[in-house]
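Numbering (our numbering), first residue to last: 127 to 416. We treat Cβ as the ideally placed atom computed from N, Cα and C, and that holds for glycine. Just so it is clear, the structure is predicted and the values come from calculations on it, not from any experiment. Data first, discussion second: the structure below is written as structure tokens.
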């Protein structure tokens, strides 16, 4: 495995700046975000990455597939729009030769990320929302396979189930992936989201070659008021990384290890200092003892 900078960790950096930063710090891979790629331009982003000799460890993000659970024409329209946006994301991942397209599948239909519950027009049917995800994958997985892109289902911590991901455990994501060829659909192991799960080591072993991405950051305690920003630099929170990393290695994963941090203080810091700290903590905290 080798270390990769997920672009959101140094959120202020454009694609060009992130690529340059990776080169300066001796990293071999970068994880990109669609918003940043759109700002830079897809063709220019492809050129920058290739000329720098970097791998794209992932493209974030596809998903948000559950809106089709709304009733009637609104649900049908939302489902069609989600499929179209995800086909565009797959095409972008193919152009970038990304190792995978990370799929944050979406929360309860009608609930918007980070916003209060609407007074009406949302669904409490979490089982139905998961069925919509399965339906969307049936449409998208063959499309991705034709373009050489692996869809990577990312389970999120249960605190994000209402608005971001109705898949809350690695086991749930893995079970959903098994209906598709492993070259088309895999899973993300993100330490922030799975560290608490008593079955995580069993499911990592079961996932094997379906592990499409390994992402690391710490789980801060207490969480900030905005729980989305509760990710910390490795070693600053409660996660014991080494056993998880060893389990991922034992499962046969040989891809890049992305550091993906959502944290206001990290974003406000000098990005070069963030990357330097990231490299040191990777060696001291994340990698198994040799």
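Residue i, DSSP secondary structure in three states
i	result
residue 230	strand
residue 384	strand
residue 321	coil
residue 266	helix
residue 406	helix
residue 271	helix
residue 236	coil
residue 225	coil
For residue i, the nearest candidate out of the options (CA to CA)
i	options	result
residue 141	229, 373, 358 and 178	178
residue 175	148, 412, 193 and 381	148
residue 366	390, 299, 378 and 408	408
residue 320	341, 307, 301 and 207	341
residue 228	185, 270 and 218	185
residue 255	231, 275, 247 and 269	231
residue 219	241, 269 and 233	269
residue 235	206, 271, 376 and 288	288
residue 277	217, 200, 251 and 325	217
residue 139	410, 413, 414 and 395	395
residue 213	199, 285 and 187	187
residue 252	293, 224 and 225	293
residue 310	344, 210 and 263	263
residue 284	271, 207, 209 and 318	318
Euclidean distance between Cα positions of residue i and residue j
i	j	result
residue 420	residue 384	Outside the modelled stretch of the chain, which goes from 127 to 416, sits residue 420, for which no answer is possible.
residue 194	residue 202	6 Å
residue 312	residue 161	23 Å
residue 329	residue 133	28 Å
residue 281	residue 173	32 Å
residue 323	residue 156	28 Å
residue 247	residue 393	35 Å
residue 151	residue 200	48 Å
residue 273	residue 222	11 Å
residue 397	residue 143	10 Å
residue 265	residue 379	27 Å
Extent of the continuous beta strand (DSSP E) to which residue i belongs
i	result
residue 337	337 to 342
residue 185	181 to 189
residue 198	It is not in any beta strand (DSSP E) - residue 198 instead sits in the alpha helix (DSSP H) that spans 198 to 222.
residue 361	Looking at the DSSP string, residue 361 is not in any beta strand (DSSP E), and its letter there is neither H nor E.
residue 311	311 to 316
Cβ of residue i within 7 Å of any chain B Cβ
i	result
residue 350	Of the protein chains in this structure there is only one, and it is not chain B.
Continuous alpha helix (DSSP H) stretch holding residue i: start and end
i	result
residue 128	No alpha helix (DSSP H) holds residue 128; the beta strand (DSSP E) holding it covers 128 to 132.
residue 296	296 to 303
residue 146	141 to 150
residue 251	Careful: residue 251 lies outside any alpha helix (DSSP H) and carries neither H nor E.
residue 163	160 to 166
residue 278	Element bounds for residue 278: not the alpha helix (DSSP H) but the beta strand (DSSP E), 277 to 279.
Contact test: residue i Cβ vs the ligand SAM heavy atom, cutoff 6 Å
i	result
residue 187	Among the components of this structure there are no ligands whatsoever, and the ligand SAM is therefore not found.
>> Contact between the segment 326 to 336 and the segment 294 to 303 is defined here as three or more beta-carbon pairs at a separation below 8 Å; is this criterion met?
In response: yes
>> Using 8 Å as the cut-off, can you tell me whether the segment 368 to 376 makes contact with the segment 353 to 360, which would need three or more C-beta pairs spanning the two stretches below that distance?
In response: no
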